[in-house]
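Under our numbering, the letters of the sequence shown match residues 212 to 692, in that order. The C-beta atom is built at its ideal place from N, Cα and C for all residues, glycine as well. Note sheet for the following structure.
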Amino acid sequence: MHKFYRRQKIYPSEVLLIEPPSPHKKGVIRILGSLGTYKTNMAWPPLDLMIIDGLLNKEKIKSFIFDANGIGGNWEDIKEIVRLVKPRLVVFTTSTTTIIHDLITAQVVKKNFPDSLTAAIGTHITALPEETLKLSPYLDIAIFDEPEMVILKLLKNNFSLEDTRGICFRKNGTIYKNPSGGKLEDLDFLGFPSHHKLPLSIYRDPLTERLPMTITYGSRGCINSCIYCCSRFYTPLRLRSIEKIVEELKWIEDLGIREVRFFDLGLTNDLTWAKRLFEEMLRNRIKLTWSCEARVDRINREMVRLMKEAGCCSIDIGVETGDREILKRIKKNITLEEVEEAVRIIKREKIKVMTHFILGLPGENKETIRRTIQFALKLNPDFMAMGIATPHPGTPFYDFLKENGYLKTEDWSYYDPIKPPVFDYPQISGEEIYKNLQHAYRKFYLRPGYIIKRIKNINSLDKLIREWDNLSGFICRFFKK
Numbered sequence: 212m213h214k215f216y217r218r219q220k221i222y223p224s225e226v227l228l229i230e231p232p233s234p235h236k237k238g239v240i241r242i243l244g245s246l247g248t249y250k251t252n253m254a255w256p257p258l259d260l261m262i263i264d265g266l267l268n269k270e271k272i273k274s275f276i277f278d279a280n281g282i283g284g285n286w287e288d289i290k291e292i293v294r295l296v297k298p299r300l301v302v303f304t305t306s307t308t309t310i311i312h313d314l315i316t317a318q319v320v321k322k323n324f325p326d327s328l329t330a331a332i333g334t335h336i337t338a339l340p341e342e343t344l345k346l347s348p349y350l351d352i353a354i355f356d357e358p359e360m361v362i363l364k365l366l367k368n369n370f371s372l373e374d375t376r377g378i379c380f381r382k383n384g385t386i387y388k389n390p391s392g393g394k395l396e397d398l399d400f401l402g403f404p405s406h407h408k409l410p411l412s413i414y415r416d417p418l419t420e421r422l423p424m425t426i427t428y429g430s431r432g433c434i435n436s437c438i439y440c441c442s443r444f445y446t447p448l449r450l451r452s453i454e455k456i457v458e459e460l461k462w463i464e465d466l467g468i469r470e471v472r473f474f475d476l477g478l479t480n481d482l483t484w485a486k487r488l489f490e491e492m493l494r495n496r497i498k499l500t501w502s503c504e505a506r507v508d509r510i511n512r513e514m515v516r517l518m519k520e521a522g523c524c525s526i527d528i529g530v531e532t533g534d535r536e537i538l539k540r541i542k543k544n545i546t547l548e549e550v551e552e553a554v555r556i557i558k559r560e561k562i563k564v565m566t567h568f569i570l571g572l573p574g575e576n577k578e579t580i581r582r583t584i585q586f587a588l589k590l591n592p593d594f595m596a597m598g599i600a601t602p603h604p605g606t607p608f609y610d611f612l613k614e615n616g617y618l619k620t621e622d623w624s625y626y627d628p629i630k631p632p633v634f635d636y637p638q639i640s641g642e643e644i645y646k647n648l649q650h651a652y653r654k655f656y657l658r659p660g661y662i663i664k665r666i667k668n669i670n671s672l673d674k675l676i677r678e679w680d681n682l683s684g685f686i687c688r689f690f691k692k
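Structure representation (structure tokens):
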């Protein structure tokens with residue numbers, strides 16, 4: 212057990228929120244529809260559970276968060292925490308690639324505290340609630356709606372499963388699916404994520420400027436609906452009030468946190484709202500450095516300049532491909548020219564830029580991969596992440612592969628952006644796509660000029676250690692012959 216939890220007096224609570232252990236040493240991401248193994252030395256706090264816990268705290272319901280993934284924990288740790296907390300309800304996160312592993316959580320809970328109800332959340336559950344319940348006799352509830360209000364209503368209904376919308380549940384060996392309860396419109400009702408209840412010293416990110424760091428959000432949902440993305444499960448776009456976000460950021464500063472990651476599907480999706488947010492951060496003298504993701508068609512010089520003044524140190528942009536036809540097929544609704552202009556603007560303001568690419572999207576072939584690699588090199592961002600297209604159940608991309616007979620397996624453990632594709636196309640095999648991924652990483656990160664630039668940016672022992680960890684991680688995962 213991590214020292215953070217050993218030092219605490221752990222009391223019985225109504226609800227135990229668990230981020231399950233990772234299936235392997237590196238750790239995984241399960242936050243709000245994300246999936247896959249961490250590509251480098253990083254760990255983010257479990258925002259889904261932080262939001263749920265914040266709501267329960269606001270409603271005066273005792274709850275406890277346990278981040279087994281972040282601390283490198285194991286099933287013995289889960290047993291111990293269940294024994295101490297004695298919860299009536301255990302809620303745990305899942306992702307597609309870890310779903311079979313994650314369901315062990317329910318088994319461990321039931322075998323050690325059989326009176327607890329077990330509930331799973333995540334976009335895999337949203338897409339396949341009944342199927343997931345069938346995978347584990349130890350799982351009582353599959354929450355397919357956004358989980359916060361479902362959990363609150365379940366508690367207020369005194370655990371009456373029949374009266375709780377947004378769940379599938381098992382009763383006397385039969386699986387039932389209740390109607391959806393819809394989406395929460397007022398995000399402010401959720402209160403603040405529980406930053407203070409987690410071991411903040413363990414969280415890190417390759418782009419982090421200052422530690423300790425945490426993550427929060429300003430919105431939920433997206434203005435777009437790419438065919439491969441889980442954002443469709445969170446639409447429409449809903450915004451927190453700027454006053455509440457600023458209030459939360461002040462509290463984060465009071466906790467001694469120095470940097471924040473905004474985990475939005477585009478922090479500038481609503482340009483008017485974003486401009487007001489950054490202006491209020493400046494007016495309230497928020498001293499945090501922060502990072503975010505933004506769509507390239509929601510980036511302009513005035514906005515990025517304001518973001519820089521408000522403390523922004525890095526921006527992630529989803530490029531996905533260097534091929535125009537693939538961009539159209541995936542319904543990204545951006546152009547390559549917009550990508551180039553966005554990168555230029557961000558660089559001009561001395562903000563770090565991370566570009567994200569995906570290999571294996573519909574229409575991919577050797578030539579489109581070559582174009583994507585060349586485009587990544589032309590953009591020359593500070594960081595480049597490239598992953599394998601991973602079909603998530605419930606997305607048009609998954610349906611496309613299944614309907615055309617391209618899927619090779621439904622063993623979910625292979626559905627990971629750092630692993631070889633789970634599909635073959637007639638024009639290019641999954642194995643060829645994966646070899647090109649490894650080639651792309653070598654081509655980008657082993658350029659002498661890039662290496663010299665990274666070395667020059669090392670200005671502290673902490674940064675040196677993190678750079679070494681990142682380098683060794685990339686070598687192990689992507690530079691193998």
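Which class does residue i belong to by DSSP, given the choice of helix, strand or coil?
| i | result |
| --- | --- |
| Val-633 | coil |
| Asp-326 | coil |
| His-505 | According to the sequence as given, residue 505 is Ala; it is not His. DSSP places Ala-505 in coil when its eight states are reduced to three. |
| Asp-356 | coil |
| Leu-572 | coil |
| His-235 | coil |
| Ala-254 | strand |
| Ser-274 | strand |
| Thr-248 | strand |
| Glu-621 | coil |
| Leu-372 | helix |
| Lys-692 | Residue placement at Lys-692 is poorly supported in this model, since its pLDDT is 47, which falls under 50; the coordinates still yield a value, given next. DSSP places Lys-692 in coil when its eight states are reduced to three. |
| Ile-242 | helix |
| His-406 | helix |
| Ser-224 | coil |
Span of the alpha helix (DSSP H) holding residue i?
| i | result |
| --- | --- |
| Trp-286 | 286-296 |
| Arg-581 | 577-590 |
| Met-212 | Note, Met-212: premise wrong, no alpha helix (DSSP H); not H, not E. |
| Phe-616 | Position check: residue 616 holds Gly in this sequence, whereas Phe was assumed. Counting along the chain, Gly-616 falls outside any alpha helix (DSSP H), and DSSP gives it neither H nor E. |
| Ile-666 | 659-667 |
| Phe-474 | Unbroken run through Phe-474: none, as it is neither H nor E. |
| Phe-380 | Unbroken run through Phe-380 is the beta strand (DSSP E), 378-382; no alpha helix (DSSP H). |
| Asp-259 | 258-269 |
| Gly-333 | Element bounds for Gly-333: n/a, residue is neither H nor E. |
| Leu-482 | 482-494 |
| Ile-562 | Premise fails: Ile-562 is in no alpha helix (DSSP H) and is neither H nor E. |
| Gly-641 | 641-656 |
Between residue i and the rest of its own chain, which residues show a CB-CB distance below 6 Å, the 5 nearest in sequence each way excluded?
| i | result |
| --- | --- |
| Phe-586 | Gly-533 |
| Phe-594 | Met-565 |
| Lys-692 | Because the pLDDT at Lys-692 is just 47, under 50, the model does not fix this residue reliably, and the point stays unresolved. |
| Leu-295 | Ile-221 |
| Asp-288 | Met-212 and Ala-279 |
| Glu-225 | Ile-272, Lys-273 and Arg-299 |
| Gly-432 | Tyr-445, Thr-446, Pro-447, Leu-448 and Arg-449 |
| Leu-372 | Phe-380 |
| Phe-705 | No statement about residue 705 is possible, as the shown extent of the chain runs from 212 to 692 and does not include it. |
| Ser-194 | Residue 194 lies beyond the stretch modelled for the chain, which goes from 212 to 692, so this question has no answer here. |
Is it right to say residue i is buried, meaning 16 or more other beta carbons lie within 10 angstroms of its own, or is it exposed?
| i | result |
| --- | --- |
| Pro-223 | exposed |
| Leu-675 | exposed |
| Arg-217 | exposed |
| Leu-590 | buried |
| Pro-659 | exposed |
| Glu-270 | exposed |
| Asn-252 | buried |
| Leu-482 | exposed |
| Glu-470 | buried |
| Gly-616 | exposed |
Go to residue i, then tell me how far its beta strand (DSSP E) extends in each direction, as first and last residue.
| i | result |
| --- | --- |
| Ile-468 | No beta strand (DSSP E) contains Ile-468, which DSSP labels as neither H nor E. |
| Thr-425 | 424-427 |
| Ala-596 | 594-599 |
| Leu-300 | 300-304 |
| Gly-283 | First-last for Gly-283: undefined, no H or E at that position. |
Between which residues of its own chain and residue i is the CB-CB distance below 8 Å, once the five residues before and five after are set aside?
| i | result |
| --- | --- |
| Ser-648 | Per the sequence shown, residue 648 should be read as Leu rather than Ser. Counting only Cβ-Cβ distances below 8 Å, and skipping sequence neighbours, we find Leu-570, Met-597, Gly-598, Ile-599 and Phe-689. |
| Ser-391 | Phe-355, Asp-356, Arg-376 and Gly-377 |
I'd like to know if residue i contacts chain D, where contact means its C-beta is closer than 8 Å to some C-beta of that chain.
| i | result |
| --- | --- |
| Glu-504 | Protein chain content of the structure displayed is limited to a single chain, and chain D is not contained in it. |
For the ligand ATP, is there a heavy atom less than 7 Å away from the beta-carbon of residue i?
| i | result |
| --- | --- |
| Ser-224 | Among the ligands in the structure shown, none appear at all, so the ligand ATP cannot be discussed. |
By Cβ distance, which residues of its chain are closer than 7 Å to residue i, with the 5 residues on each side in sequence left out?
| i | result |
| --- | --- |
| Glu-341 | Cys-379, Ile-386 and Lys-388 |
| Asp-351 | Leu-328, Thr-329, Ala-330, Phe-380 and Arg-381 |
| Ser-405 | Met-261, Asp-264, Gly-265, Asn-268 and Ile-276 |
Could you say if the region 394-406 and the region 444-452 meet the contact criterion of at least three C-beta pairs nearer than 8 Å? yes
Would you call the region 573-589 and the region 524-544 touching, i.e. three or more CB-CB distances under 8 Å? yes
Using a Cβ distance threshold of 8 Å, determine whether the region 614-634 contacts the region 454-469, with at least three qualifying pairs required. no
Touch check for the region 235-251 and the region 382-392: three-plus C-beta pairs under 8 Å? no
Any 3 or more C-beta pairs closer than 8 Å across the region 411-427 and the region 245-261: yes
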